[in-house]
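Be aware that the sequence shown starts at 3, since it is given in my numbering, and climbs by one per residue.
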Amino acid sequence: MGQEIIGRRTIRRWLDNWEHIQRREPMEDQVKVNSGCKPADGITNGMLNKIMLEMAYDHLPLELRRVAYYRWVIKGQYSLLQTLTILGLTKDQYYYRCDQVVNSVFEFVNGYK
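Below is the structure:
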């Protein structure tokens, strides 16, 4: 039985819903359903997502962690222009680094690093 790969689209969705994952709430784009029985060990999928996302964030290089912080952790507190000024990046550099964050988290949660 092979391990299922968590895709980049899912990683980006986790990052976009950082605030909800941290509070262990359903993500904004998640369909509301009855989750069924509680797991016997008390660890839910949402809690595993939170743990994996936090660990991946902690393992990012400082430069990428700063980009992730302004893009997803404190989302909406600064305009894009303010964020670019704070980080000292151009718009293209910023979005390139955002993609690097997604790739780094993808590699971490899938065991490629």
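From the three backbone atoms N, C-alpha and C, an ideal C-beta is built for every residue, glycine too.
Quantities reported herein were computed from a predicted structural model and do not represent experimental measurements.
Unbroken alpha helix (DSSP H) run spanning residue i, endpoints
i: N19; result: Counting along the chain, N19 falls outside any alpha helix (DSSP H), and DSSP gives it neither H nor E.
Nearest to residue i (by Cα), restricted to the options the options
i: K77; options: G113, C100, E6 and D94; result: C100
i: V111; options: R25, R26 and K52; result: K52
i: E56; options: N19, L82 and T92; result: N19
i: Y114; options: E65, H61 and E27; result: H61
DSSP three-state assignment for residue i, whether helix, strand or coil
i: E27; result: coil
i: I13; result: helix
i: Q84; result: helix
i: E6; result: coil
i: K77; result: coil
i: N112; result: coil
Anticipated Cβ contact below 8 Å, residue i with residue j, distance rounded
i: Y72; j: T87; result: Y72 to T87, Cβ: 11 Å. No contact.
Contact under 7 Å by Cβ, residue i with residue j
i: V103; j: A70; result: yes
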